[in-house]
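K.L.:
Got a structure for you, questions after.
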Amino acid sequence: MKKVIVGLSGGVDSAVAVIMLQKQGYDVEGVFMRNWDSSLNNDVLGNPNDPFDVCPQEKDYLDAIEVAKKLNIKLHRIDFVSEYWDYVFKYFIKEYEEGRTPNPDILCNKEIKFKAFLDKANDMGCDYIAMGHYARTKTINGKVRLLKGVDQNKDQSYFLCQLSQEQINKALFPIGELTKPEVRKIASSYELNVATKKDSTGVCFIGERNFKLFLQNYIPAKPGLMKDLKGNVLGKHDGIMYYTIGQRHGLGIGGPGEAWFVIGKDIKNNILLVGQGQDNEYLYSNRCLVKDVNWLGEPFTTLSCTAKFRYRQKDIPVTLKKLDDNMIEVTYLDCARAVTPGQAAVFYDGDILIGGAVIDKVYMNDKLRMY
RNA sequence: AGGGCCAUAGCCAAGCGGUAAGGCAACGGACUUUGACUCCGUCAUUUCGAUAGUUCGAAUCUAUCUGGCCCUG
299 MKKVIVGLSG GVDSAVAVIM LQKQGYDVEG VFMRNWDSSL NNDVLGNPND PFDVCPQEKD
359 YLDAIEVAKK LNIKLHRIDF VSEYWDYVFK YFIKEYEEGR TPNPDILCNK EIKFKAFLDK
419 ANDMGCDYIA MGHYARTKTI NGKVRLLKGV DQNKDQSYFL CQLSQEQINK ALFPIGELTK
479 PEVRKIASSY ELNVATKKDS TGVCFIGERN FKLFLQNYIP AKPGLMKDLK GNVLGKHDGI
539 MYYTIGQRHG LGIGGPGEAW FVIGKDIKNN ILLVGQGQDN EYLYSNRCLV KDVNWLGEPF
599 TTLSCTAKFR YRQKDIPVTL KKLDDNMIEV TYLDCARAVT PGQAAVFYDG DILIGGAVID
659 KVYMNDKLRM Y
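Counting with the working numbering, you get residues 299 to 669 for the letters of the first sequence.
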């Protein structure tokens, strides 16, 4: 009997993942990961939780215990707090300090869930690990490919774009063939306590936070001016790093005309560039350079495929040109809005995820966008 | 201090005698395992710069005052 270690979060998805694995005849054990320690990591600002109350993380653990009991599996609890800090959070902060907009959950998958966790699971003698992601694997021509989840609305393959082939080979995604409503229905039929539990959001393992305040725990404010492209002063900001390209709220710019958006960052002069209109021209680009390439498809020099520049955004047709082993030029005929440095560009061939990379530089034709 | 114009929510702004549109911002919620975008909702009633008056009824008309803008000396 093959043994599978499941990352049991205390949510409905990973609980149903256990059920699916049991149905398929696997020997299943669960591991609850604890990767963030609020008091140790000192995230006082922006933490909505009453320090004297049971924190959501512990509530999740209790839920996981109950699920494990109900489904009759062993549950372990492992701390990766220091690994998370060293391999995910440090990078996260560093990127913000440089004015970029990182995606910590992609790194969390690469470094924690499918690395630190996988190592532990191997020590426990597992054949596979499994997670409650909406994604699939499928063996095509003898190679395991990572595919989008069947539920187009919940597809989470975007967050798995930095997994290596070795990591994918070891992973199972038991709910990838299901839709969210189906998952909840199965959970109900097993009378799981988490069947109707609200989906968790916010940074994985950290949770909902007032983002600006949260960052202020680690990055001091650095006030400066907000200007439009003509140099007119529109207001003041607390620090360029608290804003991201395409952001509307939190600018506090009222007055005549359309809404104002963050359209760029002049890091050198500590100026936040703002412009009016949801479809402000400066928010659009048609070419970008991506780095930290994780390539899972066939080797190529040029290639047509689709790309997603943000989670839950529709993929758009693109052409890739390999510049070197770690850099790809991506051009898209239809302009894309708010392609943001630090975010992930994820490439697909239909439902197959063929690569992921980090957006580095963004252009409109030959003009570099000051993002 | 001669003449003209304007004062409506934090910011723009409709209203032209009949019981305060809309937009931006802000706040709340939905959506969302990043961060955004988006969507929905709330937001002047001891209220229309102040005071007095005309009228059944005034943000709307009149007078005075205050504040600001423009033109001419």
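Beta carbons are placed, not taken as given, at the ideal position from N, Cα and C, and that holds for glycine.
Bear in mind that the values here come from a model prediction, so they are computed numbers and not experimental data.
#1: Hey, out of D325, S336, R585 and N370, whose CA is closest to Q355's CA?
#2: By the three-class DSSP mapping on this structure, what secondary structure does E556 have?
#3: For E381, does the three-state DSSP call read helix, strand or coil?
#4: Rounded to the nearest angstrom, how far is the Cβ of L416 from that of L651, given a contact under 8 Å?
#5: From S307 to P554, what does the alpha carbon distance come to, in whole angstroms?
#6: I'd like to check one pair, L523 with K534: are the Cβ atoms closer than 8 Å?
#7: Report the rounded CA-to-CA distance for K357 versus D623, giving the unit in angstroms.
#8: Apply the 10 Å Cβ neighbour rule to N407 and answer buried if 16 or more other Cβ atoms are within range, or exposed otherwise.
#9: How long is the line joining the alpha carbons of A557 and L527, rounded to whole angstroms?
#10: If you drop the 5 nearest sequence neighbours on each side, which residues of the same chain put their C-beta closer than 7 Å to that of R608?
#11: Taking 8 Å as the threshold, find out whether the stretch 584 to 594 comes into contact with the stretch 651 to 661 through three or more Cβ pairs.
#12: Could you tell me which whole beta strand (DSSP E) segments of length 3 or greater appear in the stretch 401 to 436?
#13: Just mark E579 as buried or exposed, buried being the case when its beta carbon has 16 or more other beta carbons within 10 Å.
#14: Tell me whether I438 is buried or exposed, calling it buried when 16 or more other Cβ atoms sit within 10 Å of its Cβ.
#15: Taking C-beta to C-beta, are I376 and M429 nearer than 8 Å?
#16: Please state whether DSSP places E475 in a helix, a strand or coil.
#17: Counting pairs of beta carbons, one from the stretch 397 to 414 and one from the stretch 627 to 640, are three or more of them closer than 8 Å?
#18: Quick one: using the 10 Å Cβ neighbour count with 16 as the cut-off for buried, is D421 buried or exposed?
#19: Beta-carbon within less than 7 Å of I303's beta-carbon, same chain only, minus the 5 sequence neighbours each way: which residues are those?
#20: Look at the alpha carbon of D564 and the alpha carbon of E393, and state the distance between them as a whole number of angstroms.
#21: Figure out for me which residue from M299, V492 and D403 has the closest Cα to the Cα of A313.
#22: Taking just the CA atoms, how far does G447 sit from Y432?
#23: Scan the stretch 632 to 668 and note each continuous beta strand (DSSP E) run of 3 residues or more that stays entirely inside, going in chain order.
#24: Could you please give the first and the last residue of the uninterrupted alpha helix (DSSP H) stretch that includes E596?
#25: Put A362 into one of helix, strand or coil per three-state DSSP.
#26: Sort out for me which residues DSSP pairs D590 with in a bridge.
#27: Which two residues bound the contiguous beta strand (DSSP E) that contains E327?
#28: My output table needs one value for K300: the three-state DSSP class, helix, strand or coil.
#29: My understanding is that E381 touches I410, with C-beta atoms under 8 Å, so please give their C-beta distance in whole angstroms.
#30: Could you give the distance in angstroms between the alpha-carbon of K669 and the alpha-carbon of V572?
#31: Comparing alpha-carbon positions, which option in L369, D649 and P518 lies nearest S487?
#32: Once the 5 residues before and after F390 are set aside, which same chain residues still bring their CB inside 6 Å of it?
#33: Select from N567, G529 and K452 the residue whose C-alpha is nearest the C-alpha of T499.
#34: I need the boundaries of the beta strand (DSSP E) containing L549, first residue and last residue.
#35: Out of I517, R546, A366 and Y324, point me to the one whose CA is closest to P472's CA.
#36: Name the two residues that bound the continuous alpha helix (DSSP H) containing L490.
P.N.:
So, to answer that:
#1: Ranking D325, S336, R585 and N370 by Cα distance to Q355 puts S336 first.
#2: Coil, per DSSP.
#3: Annotated three-state conformation of E381 is helix, per DSSP.
#4: Not really, about 18 Å apart at Cβ, beyond 8 Å.
#5: Taking the Cα positions, S307 is about 47 Å away from P554.
#6: Yes, these two residues count as a Cβ contact at 8 Å.
#7: Their backbone Cα atoms lie some 44 Å apart in a straight line.
#8: Of the other Cβ atoms in all chains shown, 16 or more fall within 10 Å of the Cβ of N407; this residue is therefore buried.
#9: Roughly 15 Å between the two C-alpha positions.
#10: Q641.
#11: Cβ pair count under 8 Å is three or more, so yes.
#12: Within the stretch 401 to 436, the runs of beta strand (DSSP E) at least 3 residues long that lie entirely inside it are, in chain order, 426 to 428.
#13: By the neighbour-count criterion, in which a residue is buried when 16 or more other Cβ atoms sit within 10 angstroms of its Cβ, E579 is exposed.
#14: With a 10 Å radius around the Cβ and a threshold of 16 neighbouring Cβ atoms, I438 comes out exposed.
#15: Cβ atoms of I376 and M429: not closer than 8 Å.
#16: Note: E475 maps to coil in three-state DSSP.
#17: The stretch 397 to 414, when compared against the stretch 627 to 640, does touch it at the 8 Å Cβ threshold.
#18: Its Cβ having fewer than 16 others within 10 Å, D421 is exposed.
#19: E327, V329, A419, M422, C424 and I427, listed in sequence order.
#20: D564 and E393: Cα-Cα distance of roughly 16 Å.
#21: Of M299, V492 and D403, the residue nearest in Cα terms is V492.
#22: Roughly 5 Å separates the two Cα atoms.
#23: Qualifying beta strand (DSSP E) stretches, in chain order: 642 to 647 and 650 to 662.
#24: Element bounds for E596: n/a, residue is neither H nor E.
#25: In the structure shown, A362 sits in a helix (DSSP, three-state: H, G or I).
#26: D590 pairs with nothing; no bridge assigned.
#27: Start and end: D325 to R332.
#28: Under the three-state reduction of DSSP, K300 is assigned to coil, being neither helix nor strand.
#29: The beta-carbon separation of E381 and I410, rounded to 6 Å, stays under the 8 Å limit for a contact.
#30: Reading the sequence as shown, one finds Tyr at residue 669 and not Lys. Roughly 11 Å between the two C-alpha positions.
#31: Ranked by Cα distance from S487, the first of L369, D649 and P518 is L369.
#32: Within the same chain, and ignoring the five residues on either side of F390 in sequence, the residues whose Cβ sits closer than 6 Å to its Cβ are P400 and P402.
#33: Per the Cα distances, K452.
#34: Neither: L549 is in no beta strand (DSSP E) and is coded neither H nor E.
#35: Among I517, R546, A366 and Y324, the Cα nearest to that of P472 is on Y324.
#36: Neither: L490 is in no alpha helix (DSSP H) and is coded neither H nor E.
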